[in-house]
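Residue numbers are given in UniProt numbering: position 73 of the sequence shown equals residue 73, and the series is strictly consecutive.
Every residue, glycine too, gets a C-beta built ideally from N, C-alpha and C.
Working notes, structure below.
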Amino acid sequence: MVEAVETMDGWYSLHDLRTIDWTSWKLASEAERKEAIDSLDQLIAKWEEVEEAGNGSQVLHKVVGQKADLIFMFLRPTMDELSDMETELNKSKMGEFLLPAHSYVSVVELSKYRPAKDGVDPETLPETQKRLKPILPKWEHICFYPMDRRRTGDENWYTLEKDERGKMLYEHSKTGRKYAGKVTQVITGSIGLDDWEWGVTLFAHEPLQFKKIVYEMRFDEVSSRYGEFGEFFVGNLLPREDIPNYLEV
Ligand code: 76R
């Protein structure tokens, strides 16, 4: 029987995408708009404290294109906390002007394809823990998309032996490493949690690097034969201090 791979799982993740109801925003009074901006600022201040204490992380970007206006990526130790964050955003004054656009639930994932070195469980290593509970980089651009591994006919990832899958992922990682310093990736697993099998979140200083890495990876066997992709979302960082300016009408 084909062997599954053991995964190491870290913080839970929620990609929460919202569209701003610009019509109501413009119709609101100056005082109401201020109250809304302050409510979001207070939430972000609270979230930043959690991040500083090492108990989670988050980023906020402006989505480019018509798929949404904002993408929040939240990471927390429990799904309850993610639900609380989503709810507190909905209950806030700002929430009155935010329409749901899309969401994605998953968990930060690393896999144990490589044999344990000197019998040490990689999950116990501090560097692994850091990757399972990552502080998200506040880089200028984000790219998020979900993906599956194919299982049709001769191209069935789930009937391949573990060694073979491990080899292909090793080749894939060599492509990935060429982008060190240019692209940071967070892979989140979503089998049993959302509609696709993985979420791919990339951060870059230069948006062209998304196109370059994703294009180059299309030729890695693990993607060319076994990759299926969902909708792509791309965005530009929205630092907390720029929010009033972004919402100015
Ligand atoms: O854990 C590790 O980092 C070791 C190597 C590695 C694994 C196991 C790795 C490295 N990835 C792994 C697993 Mn990846 N990754 C993607 C995408 O668009 C596409 O074609 C693919 C989307 C990108 C851009 C990317 C980047 N990777 C996975 C998995 C789980 C597969 C499974 O278990 O079946 C998926 C879905 C996936 C997809 N990967 C890297 C990168 C980069 C940049 C690296 C190098 C990271 C580094 O070494 O710092």
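The ligand 76R heavy atoms versus the CB of residue i: any closer than 7 Å?
i: residue 218; result: yes
i: residue 147; result: yes
i: residue 200; result: yes
i: residue 190; result: no
i: residue 113; result: yes
i: residue 187; result: yes
i: residue 177; result: yes
i: residue 172; result: yes
i: residue 208; result: no
i: residue 213; result: yes
i: residue 227; result: yes
i: residue 223; result: yes
i: residue 180; result: yes
i: residue 160; result: no
i: residue 256; result: With the chain covering 1 to 249 only, the question about residue 256 has no answer from this structure.
i: residue 110; result: yes
i: residue 183; result: yes
Please classify residue i as buried or exposed, where buried requires at least 16 neighbouring CB atoms within 10 angstroms.
i: residue 168; result: buried
i: residue 53; result: exposed
i: residue 192; result: exposed
i: residue 109; result: buried
i: residue 107; result: buried
i: residue 233; result: buried
i: residue 58; result: buried
i: residue 219; result: exposed
i: residue 84; result: exposed
i: residue 154; result: exposed
i: residue 11; result: buried
i: residue 76; result: buried
i: residue 2; result: exposed
i: residue 222; result: buried
i: residue 183; result: buried
i: residue 24; result: exposed
i: residue 56; result: buried
i: residue 80; result: exposed
i: residue 255; result: Outside the shown range of the chain (1 to 249) lies residue 255, about which nothing can therefore be said.
i: residue 246; result: exposed
i: residue 181; result: exposed
Using DSSP bridges, identify the partner residues of residue i.
i: residue 149; result: 227
i: residue 248; result: Answer is none; residue 248 lacks a bridge partner.
i: residue 8; result: 110
i: residue 267; result: Residue 267 cannot be examined here, being either before or after the span of the chain that is shown, 1 to 249.
i: residue 155; result: 152
i: residue 214; result: In DSSP, residue 214 forms no bridge with anything.
i: residue 187; result: 200
i: residue 144; result: 201 and 233
i: residue 13; result: 75 and 106
i: residue 18; result: 70 and 100
i: residue 60; result: 72
- prompt: Does the stretch 85-101 come close enough to the stretch 68-76 to have 3 or more Cβ pairs within less than 8 Å?
  reply: Contact between the stretch 85-101 and the stretch 68-76 is present, because at least three Cβ pairs lie under 8 Å.
message: For the stretch 134-144 against the stretch 196-203, do three or more pairs of beta-carbon atoms, one drawn from each stretch, fall closer than 8 Å, so that the two count as touching?
response: Short answer: they touch.
message: Contact between the stretch 149-166 and the stretch 120-132 is defined here as three or more beta-carbon pairs at a separation below 8 Å; is this criterion met?
response: At 8 Å Cβ cutoff, the stretches do not touch.
- prompt: Does the stretch 34-54 come close enough to the stretch 88-98 to have 3 or more Cβ pairs within less than 8 Å?
  reply: Touching, yes.
- prompt: Looking at C-beta atoms only, is the number of pairs between the stretch 175-189 and the stretch 151-158 that lie closer than 8 Å three or more?
  reply: Output reads no: the stretch 151-158 does not touch the stretch 175-189.
task: May I ask you to verify whether the stretch 208-219 touches the stretch 127-140, counting CB pairs closer than 8 Å and requiring at least 3?
output: In this structure the stretch 208-219 does not touch the stretch 127-140; the number of beta carbon pairs closer than 8 Å is below three.
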